[in-house]
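Reviewing the structure listed below.
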Amino acid sequence: MEFRTYSIPMRTRFRGLEHRQGMLAEGPAGWAEFSPFPEYDHVASLPWLQAAMEAACKPWPEPVRECVPINGIVPAVGDGATAARTAVESGCHTIKIKVAEAGETLENDIERIAAIRDALPGVLIRIDANGAWQVKDAIKAIKKLDHVARGLEYVEQPCATVEELAQVRRKVDVPIAADESIRRAADPFRVRDLDAADIAVLKVQPLGGVRACLRIAEQIGMPVSVSSAVETSIGLAASIALAAALPDLPYACGIGTAHLLTSDVVADSLEPVDGSLWPTRPVLDEEAYAKVAAPPEVDERWQARLAHVQETL
């Protein structure tokens, strides 16, 4: 398969990224995306390539639901209340707010969440710290933010390690969701074995594909939610396919993230309608891709990265 590289500016800095970059390829089953984050080495990037190969070569599993409920995303910088209101206007009833961003204080997060709660008294609010807190700080922050939010749905990855998650979980009343402790772990089931989380967050590319995620969901012994890795609509389609195929889906999913990019590689981006997304197989639009095709030096770097990962297959 021929892989093409894209480079798309982010609307707002996200995970420290100002541009989202990755690769796209077409196989017998359709288009696929390979877009590991910059900090992933060739070993950590292997599941991302396996997910791309699955998407390109195999049909999606049969869905058990017609559409997937979506949560809105509020980055850790920018006008949180406006971003949350926009998400609600698209039909979302749940908002995920990024917190503990480098350079931001707990007071900043308290002010943002208070503004969002005042503006939108009826929405569910969950927060995501991306593992930034130490245990003591996490316990303090969660209690304060839960109070300001008038009840948090859950807190995603408050600390970096599984052991820390377990400590925090024993000290707070808010449910704990594990993300990095599953997708970046040698053993994704340690969160189950250590009673470290109440919810498992699954991401298709980092975990090796839709079917790999379905196997984890079956064995991990806790409710799951699905989130994106901030991909183009081609990558998002795999996450929608997973969420549509899960036997149980008690939580809205964090896969309505196409708006975080200033452009896309398809004619019609996969944006939520009435708070939902539908399983589909988007195809690359040549005109759209031409506007975001990576410059030669970026493509060369990604082609070398791809070759390095392919050597580990």
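Numbered by my numbering, the letters in the sequence shown go through residues 247 to 559 in order. All C-beta atoms in this analysis are idealised placements derived from N, C-alpha and C, irrespective of residue type, glycine included.
DSSP bridge partner residues for M269 (one or two, in chain order): Within the sequence shown, numbered from 1, the residue matching residue 269 stands at position 23. T251, F280, per the DSSP bridge assignment.
Cβ distance (whole Å) where E248 is taken to contact A271 below 8 Å: The residue given as residue 248 occupies position 2 in the sequence shown. The residue given as residue 271 occupies position 25 in the sequence shown. Sure, about 6 Å apart at Cβ, within 8 Å.
Start-to-end residues for the alpha helix (DSSP H) that takes in T351: Translated into the one-based positions of the sequence shown, residue 351 becomes position 105. Run containing T351: none; DSSP gives neither H nor E here.
Identity of the residue in I343, G455, C499 nearest I359 by Cα: Taking the first residue of the sequence shown as 1, we reach residue 359 at position 113. Measuring from the Cα of I359, the nearest candidate turns out to be I343.
Strand pairing of K390, partner residues [DSSP]: Taking the sequence shown and counting its residues from 1, one reaches residue 390 at position 144. BP columns for K390 are empty, so no partner.
8 Å Cβ cutoff met for V310 and A424: Locating residue 310 in the sequence shown gives position 64, counting from the first residue. Locating residue 424 in the sequence shown gives position 178, counting from the first residue. No. Outside cutoff.
C-alpha gap between D520 and T558, whole angstroms: Here residue 520 refers to the residue found at position 274 of the sequence shown. Here residue 558 refers to the residue found at position 312 of the sequence shown. Each residue's Cα considered, the two are about 42 Å apart.
Cβ neighbours of H265 in the same chain (closer than 6 Å, five flanking residues each side left out): In the sequence shown, residue 265 corresponds to position 19, counting from 1. Answer for H265: S253, P255, listed in chain order.
Integer Cβ distance of A327 from I362, believed to fall under 8 Å: For the purposes of this step, residue 327 is taken as the residue at position 81 of the sequence shown. For the purposes of this step, residue 362 is taken as the residue at position 116 of the sequence shown. Rounded, the Cβ-Cβ distance is 5 Å, consistent with contact.
Helix, strand or coil at C459 according to DSSP, with G and I counted as helix: Taking the sequence shown and counting its residues from 1, the one referred to as residue 459 is at position 213. In the structure shown, C459 sits in a helix (DSSP, three-state: H, G or I).
The ligand ATP heavy atom lying under 7 Å from the CB of K389: Inclusion of the ligand ATP in the displayed structure is not the case, the ligand content being empty and no account of it being possible.
For A297 and G455, believed in contact at Cβ under 8 Å, the rounded distance: Position 209 of the sequence shown, counting from 1, holds the residue named residue 455. Position 51 of the sequence shown, counting from 1, holds the residue named residue 297. G455 to A297, Cβ: 4 Å. Contact.
Nearest candidate by alpha-carbon position, reference R457, set E285, R430, E308, D383: In the sequence shown, residue 457 corresponds to position 211, counting from 1. Taking only the C-alpha atoms, the option nearest R457 is E308.
Alpha helix (DSSP H) segment containing R429, residue limits: Residue 429 sits at position 183 when you count from the first residue of the sequence shown. First-last of the alpha helix (DSSP H) with R429: 426 to 429.
Between the CA atoms of R261 and T503 - distance to the nearest angstrom: Along the sequence shown, read from residue 1 onward, the residue named residue 503 stands at position 257. Along the sequence shown, read from residue 1 onward, the residue named residue 261 stands at position 15. Cα to Cα, the separation comes out at about 13 Å.
Residue nearest to P469 in terms of C-alpha spacing, selected from E477, P367, I445, T478: Here residue 469 refers to the residue found at position 223 when the sequence shown is read from its first residue. Ranking E477, P367, I445, T478 by Cα distance to P469 puts I445 first.
Where the alpha helix (DSSP H) containing G326 begins and where it ends: Translated into the one-based positions of the sequence shown, residue 326 becomes position 80. Where G326 is concerned, the enclosing alpha helix (DSSP H) stretches over 326 to 335.
Classification of D355 by the beta-carbon crowding that lies within 10 angstroms, buried from 16 upward: Indexing the sequence shown from 1 puts residue 355 at position 109. Classification of D355: buried, given that the 10 Å Cβ count is 16 or more.
DSSP-derived helix/strand/coil call for M299: On the sequence shown, residue 299 is found 53 positions in, with the first residue counted as 1. Of the three classes helix, strand and coil, the one that applies to M299 here is helix, per DSSP.
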